[in-house]
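Under full-length UniProt numbering, think of the first position of the sequence shown as 1, with each following residue one higher.
Working notes, structure below.
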Amino acid sequence: MDELIAVLTEIKALFNRSLSELSIDCVVFGFHDNQLKVLLLRVKGSDAWSLPGGWIYKTEDVEHAAYRILQERTGLDSIFLQQFHAFGANQRYNGKEVMAKMGLPPEHNFFPERAVSIGYYALVEYSLVEPKTDLFTDECRWWDVAEIPDLLFDHNDIASIALKTLRRQFDYQPIGFNLLPEKFTLIELQKLHETVLGHPLDRGNFQKKMLSYGFLERLEERKTGGAHKAPYLYRFDAKKYEIYLRDNE
Numbered sequence: 001m002d003e004l005i006a007v008l009t010e011i012k013a014l015f016n017r018s019l020s021e022l023s024i025d026c027v028v029f030g031f032h033d034n035q036l037k038v039l040l041l042r043v044k045g046s047d048a049w050s051l052p053g054g055w056i057y058k059t060e061d062v063e064h065a066a067y068r069i070l071q072e073r074t075g076l077d078s079i080f081l082q083q084f085h086a087f088g089a090n091q092r093y094n095g096k097e098v099m100a101k102m103g104l105p106p107e108h109n110f111f112p113e114r115a116v117s118i119g120y121y122a123l124v125e126y127s128l129v130e131p132k133t134d135l136f137t138d139e140c141r142w143w144d145v146a147e148i149p150d151l152l153f154d155h156n157d158i159a160s161i162a163l164k165t166l167r168r169q170f171d172y173q174p175i176g177f178n179l180l181p182e183k184f185t186l187i188e189l190q191k192l193h194e195t196v197l198g199h200p201l202d203r204g205n206f207q208k209k210m211l212s213y214g215f216l217e218r219l220e221e222r223k224t225g226g227a228h229k230a231p232y233l234y235r236f237d238a239k240k241y242e243i244y245l246r247d248n249e
């Protein structure tokens, strides 16, 4: 009973300091073992999964709320974040469903009847993420994008639209470096693009295109351990990238 009262008190306090009918949902992408991953959370005491998300505090800007939520779920402070869509279908949200799955009494439901969600997607380096649960969940882990289960509310639609948006932006905006470690090979960069876009790329044309941007720095280091000649390692130059963006606005 004491634990139940503590949970209900914490939920009530959360909604008292939040804009309860406006939320944020985040699709967090990572790249590991040549697979595109997405971070999901499991609702306490159930087998129901959802995207990371949360409520906007009354005292904070929307974008600040998104960064805060992602920091709480990943442990990272510096994240590539992109707002991509708003989700406001009349029947998209059912807070009572979450209460029921958590085994909480329906008469203490603090969730609003309806909530509009602002969708963000984030690109993070997989190895740096420390998945963390929130008030409503007891597991947070990576899933292959191709194996995402049925999610709560409209979160499958949110994840699908985020992936389509990511693929479109990969075609014309060099943002994939956010998914890679500090040092990488051009082959690894190409594999990332092929995985995200879902089709093979010509090696020569791809490398020529990437090097033409001018913000890849070739290091005097090679990746060892392979069966073939060790390829050079490269590093993303953030300052040159800023110059590229400024010159191509």
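Each residue gets a CB set at the ideal place from its N, CA and C atoms; glycine is no exception.
Small disclaimer: the values here were computed from a predicted structure and weren't measured.
Assigned with DSSP and collapsed to three states, Val-43 falls in strand. Here Tyr-172 is exposed. Its C-beta has fewer than 16 other C-beta atoms within 10 Å. Judged by pairs of C-beta atoms under 8 Å, the segment 88-98 does not touch the segment 141-149, as fewer than three such pairs exist. For the 7 Å CB-CB criterion, Ile-118 and Ala-86 form a contact. The DSSP-derived three-state label of Ala-159 is helix.
In the DSSP assignment, His-199 falls outside any alpha helix (DSSP H) and carries neither an H nor an E.
Per the DSSP secondary-structure output, His-32 pairs in a beta bridge with Gln-35. Counting along the chain, Asp-247 sits inside the alpha helix (DSSP H) bounded by residues 238-247.
Secondary structure at Arg-141: strand, using DSSP grouped into helix, strand and coil. In chain order, Tyr-213, Gly-214 and Phe-215 place their CB closer than 7 Å to the CB of Tyr-244, counting only its own chain and leaving out the 5 sequence neighbours on each side. The beta-carbon distance between Phe-84 and Thr-165, rounded to whole angstroms, is 5 Å. This is short enough to meet the 8 Å contact definition.
In this structure His-155 is buried. Its beta-carbon is surrounded by 16 or more other beta-carbon atoms within 10 angstroms.
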